[in-house]
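One structure is given below, encoded as structure tokens.
Protein chains: 2
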Amino acid sequence: MRIAIDAMGGDHAPQSNIDGALAAAAEWKDVEIILVGDQARLESLLSGRDVPSNFSIQHASEVIHSEDEPVKAVRRKKDASMVVAGRMLKEGRADAMISAGNTGALMTTGLLVVGRIEGIERPALAAMIPTLDDVGVVALDLGANMDSKPQHLAQFGLMGSLYRQKVQGIANPRVGLLNVGVEPGKGNELTKDAFPLLQEMPIHFVGNVEARDVMAGNCDVLVCDGFAGNILLKSIEGTAGAMFSLLKEQFSQTFKSKMGAALLMPQLKGLKKKLDYSESGAAPLLGLSSLVMKSHGSSDGHAIKNAVKQTRIALENELVPSISKEISGK
Amino acid sequence: MRIAIDAMGGDHAPQSNIDGALAAAAEWKDVEIILVGDQARLESLLSGRDVPSNFSIQHASEVIHSEDEPVKAVRRKKDASMVVAGRMLKEGRADAMISAGNTGALMTTGLLVVGRIEGIERPALAAMIPTLDDVGVVALDLGANMDSKPQHLAQFGLMGSLYRQKVQGIANPRVGLLNVGVEPGKGNELTKDAFPLLQEMPIHFVGNVEARDVMAGNCDVLVCDGFAGNILLKSIEGTAGAMFSLLKEQFSQTFKSKMGAALLMPQLKGLKKKLDYSESGAAPLLGLSSLVMKSHGSSDGHAIKNAVKQTRIALENELVPSISKEISGK
Chain A
1 MRIAIDAMGG
11 DHAPQSNIDG
21 ALAAAAEWKD
31 VEIILVGDQA
41 RLESLLSGRD
51 VPSNFSIQHA
61 SEVIHSEDEP
71 VKAVRRKKDA
81 SMVVAGRMLK
91 EGRADAMISA
101 GNTGALMTTG
111 LLVVGRIEGI
121 ERPALAAMIP
131 TLDDVGVVAL
141 DLGANMDSKP
151 QHLAQFGLMG
161 SLYRQKVQGI
171 ANPRVGLLNV
181 GVEPGKGNEL
191 TKDAFPLLQE
201 MPIHFVGNVE
211 ARDVMAGNCD
221 VLVCDGFAGN
231 ILLKSIEGTA
241 GAMFSLLKEQ
251 FSQTFKSKMG
261 AALLMPQLKG
271 LKKKLDYSES
281 GAAPLLGLSS
291 LVMKSHGSSD
301 GHAIKNAVKQ
311 TRIALENELV
321 PSISKEISGK
Chain B
1001 MRIAIDAMGG
1011 DHAPQSNIDG
1021 ALAAAAEWKD
1031 VEIILVGDQA
1041 RLESLLSGRD
1051 VPSNFSIQHA
1061 SEVIHSEDEP
1071 VKAVRRKKDA
1081 SMVVAGRMLK
1091 EGRADAMISA
1101 GNTGALMTTG
1111 LLVVGRIEGI
1121 ERPALAAMIP
1131 TLDDVGVVAL
1141 DLGANMDSKP
1151 QHLAQFGLMG
1161 SLYRQKVQGI
1171 ANPRVGLLNV
1181 GVEPGKGNEL
1191 TKDAFPLLQE
1201 MPIHFVGNVE
1211 ARDVMAGNCD
1221 VLVCDGFAGN
1231 ILLKSIEGTA
1241 GAMFSLLKEQ
1251 FSQTFKSKMG
1261 AALLMPQLKG
1271 LKKKLDYSES
1281 GAAPLLGLSS
1291 LVMKSHGSSD
1301 GHAIKNAVKQ
1311 TRIALENELV
1321 PSISKEISGK
């Protein structure tokens, strides 16, 4: 299996992408890693490092930046690393791509370069949110679309359910709808209209789920529009970060508390790891005709390597063909 | 000043409302507390307790429950405690009301019974979200409206700014727009269209704020639609709760960690208090022609007393007349 990695996407590009790509190529010999970016620059950064034989570079002269307007950038920068990786999928020169770059641009690359599965109206970003029981909940959409229609949410439910079945081996995933109350009839126009459509889907729909109950793990798939999903995910991230700052501050107040914090260090580190985004690697853009994986913008080499790990599992378990078969019968 | 308290609203009604009302009447002699609910029942619950002279009961025979459909309930249950309290405002028999009951029904009571300030299209629930610096950010709307228009969000910004000036003494409050990225042009249709309207308001608009930065305290007022606001608030609540559960679990793993946790107990309690909703008392429904305060559904007596404290400050500082003057010039 051939996995293209966008060398230039993410806050720590290209270094973290090089590190992750090299580590992945060294670990999984059945994977061919193709790093996409400026050849001369990448080669100079690779000098002196061990480069495995299943690692190669695909030249791409341009870069899409985080502040670029997605549609314009993808249309104009035809030789951007992200766009070139997308074209490799379209032309069958790679089986999957990974990027830690601009989410909107990646979504646009998916739509305009890679293409949708027939019958899917809107692809969705399906990311893992940590839960207390360590199983995690896959939430979608987490930012690929900003304005969704009820029928999009219903398709998100179906794609998320297939993802958990095929890639994560959950037999009958419970699908919930992110809402402001658990009772049917609660919500804004979008969620009120999506509720009956989700009931009609061939999934195990468990109804509305409130944001405060998400981490309790009472569903396996959480359906939401991209705006609300982004608010949810970033609130969790921000609150966890704020609490660690507060703990650190409070724990250094007195000699007694410093002693206590020292004794608790392994547990505090464990907790941080549990809530760490980079551990979960990457999120698939479901609904595209090939596998496109989004890594967190702040990904380090470890996160990129994890993204390759997940991509490999998704390819092995034929995630994209499964969705295509379920939706369009092809 | 006369403050009507809905005796029957909230998860612990009427007991917590009675406790809070009695404590507030005992503490602030310049306030007249009127507890609204079933007279016979309230009197029997009050028997044997010290009842201050600035405390009285207003009879109301019906109750609006949390599962009631808001508009129907307010229209049909004309003698519900919440509706009777609203009527007392309308008829000038009270200056403010507090309820821990059904948020939708309270909003409906505000709209249909109390009435809006001229020029305000949609009232908003303005609740305090804890921040790292302890100042807090007032977010609105937090669930009074489910579907908002860009011009509603612009008015929320203005009302929130006045609230922080008048009640909390912040001279030039920074107003931010909850969004998925900080750059102008980010967001869904609603936030993209609200952005230029907020720029035109007579406020100190600081642009978009991401959910993960809310607790860092980089704005004093956070503008959002009620759905997104609810997701934000409940995510913060849920994440903080989940982290405390995880801490508790991890801290009891080994003898060493138990020792550490014991040493840290005062700090952990302090942190919990810092993030505790009930400490902030109540949230005003801004944009109504009289002061309506919403207490958290899980309010205990302490939270209800805190709600009276805040209501007293808002009345003293003429919050509602200030908004009315700014919006309609009256």
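Residue numbers (our numbering), protein chains in the order written: chain A, 1 to 330; chain B, 1001 to 1330. Don't be surprised by glycine CBs; every beta carbon is placed ideally from N, CA and C.
Beta-carbon neighbours of residue i, restricted to chain B and to distances below 9 angstroms
| i | result |
| --- | --- |
| A:ALA261 | GLY1260, LEU1263, LEU1264 and GLN1267 |
| A:ASP147 | ASN1188, GLU1189 and LEU1190 |
| A:PHE195 | Those do not exist, as A:PHE195 stays about 13 angstroms from chain B at its closest Cβ, beyond 9 angstroms. |
Whole-angstrom distance between residue j and residue i, CA atom to CA atom
| i | j | result |
| --- | --- | --- |
| A:ALA40 | B:ASP1134 | 51 angstroms |
| B:GLY1020 | A:GLU249 | 33 angstroms |
| A:SER56 | A:VAL320 | 25 angstroms |
| A:ALA60 | A:ARG312 | 24 angstroms |
| A:GLN335 | A:ALA282 | No answer is possible for residue 335 of chain A: the residues shown for chain A start at 1 and end at 330. |
| A:GLY9 | A:ARG49 | 21 angstroms |
| B:ILE1327 | B:ASP1147 | 22 angstroms |
| A:SER396 | A:HIS302 | Look at the range of chain A in this structure, 1 to 330, and you will see that residue 396 of chain A is not part of it. |
| A:CYS224 | A:GLU91 | 32 angstroms |
| B:PRO1014 | B:VAL1137 | 30 angstroms |
| B:SER1278 | B:LYS1305 | Caution is warranted here: a pLDDT of 49 is assigned to B:SER1278, below 50, making its placement in the model unreliable, and the coordinate value is therefore given only provisionally. If you take the alpha carbons of B:SER1278 and B:LYS1305, they lie about 10 angstroms apart. |
| B:LEU1106 | B:GLY1119 | 20 angstroms |
| B:ASP1288 | A:ALA216 | The sequence given here has Leu at residue 1288 of chain B, not Asp. If you take the alpha carbons of B:LEU1288 and A:ALA216, they lie about 37 angstroms apart. |
| A:ALA126 | A:GLY37 | 26 angstroms |
| A:LYS330 | B:THR1239 | 41 angstroms |
| B:ARG1093 | B:ILE1034 | 10 angstroms |
| A:GLU316 | A:GLN168 | 12 angstroms |
| B:LYS1078 | B:ASN1145 | 22 angstroms |
| B:TYR1163 | B:ALA1100 | 21 angstroms |
| B:GLU1318 | B:ALA1024 | 20 angstroms |
| A:ASN218 | A:ALA228 | 19 angstroms |
Under 9 angstroms from the C-beta of residue i: neighbouring residues of chain A
| i | result |
| --- | --- |
| B:GLU1032 | Near B:GLU1032 there are no residues of chain A at all, since even the closest Cβ is about 35 angstroms away, more than 9 angstroms. |
Neighbourhood of residue i by C-beta distance below 6 angstroms, restricted to the same chain and skipping five residues each side
| i | result |
| --- | --- |
| B:LYS1325 | none |
| B:PHE1205 | VAL1175, LEU1198 and GLN1199 |
| A:LEU232 | ALA211 |
| A:HIS65 | none |
| A:GLU32 | ARG2 and ASN54 |
| B:GLU1331 | Because chain B is modelled from 1001 through 1330, residue 1331 of chain B falls outside the range shown and cannot be assessed. |
| A:LYS166 | ASN317, LEU319 and SER322 |
Chain-ordered chain B contacts of residue i [CB-CB under 8 angstroms]
| i | result |
| --- | --- |
| A:ASN230 | VAL1180 and ALA1211 |
| A:ALA94 | The contacting residues do not exist; A:ALA94 stays about 29 angstroms from chain B at best. |
| A:LYS78 | Residues of chain B passing the Cβ test: none, with the nearest at roughly 23 angstroms. |
| A:GLU67 | GLU1183 |
For residue j and residue i, believed in contact at Cβ under 8 angstroms, the rounded distance
| i | j | result |
| --- | --- | --- |
| B:LEU1140 | B:MET1159 | 7 angstroms |
| A:ASP95 | A:PRO150 | Contact flag wrong, Cβ pair sits at about 33 angstroms. |
| B:MET1097 | B:ASP1011 | Wrong, their Cβ atoms sit about 19 angstroms apart, outside the cutoff. |
| A:PRO284 | A:ALA314 | 6 angstroms |
| A:LEU46 | A:ILE18 | 7 angstroms |
| A:LYS29 | B:LEU1246 | Not really, about 37 angstroms apart at Cβ, beyond 8 angstroms. |
| B:ALA1080 | B:GLU1062 | 4 angstroms |
| A:ALA242 | B:LEU1268 | The pair is not a contact, with the Cβ atoms about 15 angstroms apart (cut-off 8 angstroms). |
| B:LEU1142 | B:GLY1226 | 7 angstroms |
Within chain B, the residues that residue i reaches when beta carbons sit closer than 7 angstroms
| i | result |
| --- | --- |
| A:LEU46 | Going along chain B, no residue has its Cβ under 7 angstroms from A:LEU46, so there is no contact; the nearest lies around 33 angstroms. |
| A:VAL138 | Those do not exist, as A:VAL138 stays about 17 angstroms from chain B at its closest Cβ, beyond 7 angstroms. |
| A:GLN250 | GLN1267, GLY1270 and LEU1271 |
| A:SER257 | LEU1263, LEU1264 and GLN1267 |
| A:GLN332 | Nothing about residue 332 of chain A can be reported from this structure: the residues present for chain A run from 1 to 330 only. |
| A:LEU132 | ALA1242, SER1245 and LEU1246 |
Neighbourhood of residue i by C-beta, 7 angstroms cutoff - its chain only, sequence neighbours within 5 removed
| i | result |
| --- | --- |
| A:THR109 | VAL74, MET82, VAL83 and GLY86 |
| B:LEU1112 | VAL1074 |
| A:GLU121 | GLN151, HIS152 and GLN155 |
| B:ILE1203 | GLY1157, LEU1158, SER1161 and VAL1175 |
| B:SER1044 | none |
| A:SER16 | GLY10, SER299, ASP300, GLY301 and ILE304 |
Proximal residues of chain A, C-beta to C-beta of residue i below 8 angstroms
| i | result |
| --- | --- |
| B:VAL1214 | SER235 and GLY238 |
| B:LYS1274 | LEU246 |
Sequence-distant residues of the same chain with beta carbon closer than 8 angstroms to residue i, five excluded per side
| i | result |
| --- | --- |
| B:PRO1184 | PHE1195, GLY1207 and ASN1208 |
Contact list for residue i against chain A, beta-carbon separation under 7 angstroms
| i | result |
| --- | --- |
| B:MET1243 | ALA240 and MET243 |
| B:GLY1143 | VAL180 |
Could you check whether the stretch 1284-1299 of chain B touches the stretch 285-292 of chain A, counting it as contact only if at least three pairs of C-beta atoms, one from each stretch, sit closer than 8 angstroms? no
Do three or more CB pairs link the stretch 250-267 of chain A to the stretch 163-181 of chain A at distances below 8 angstroms? no
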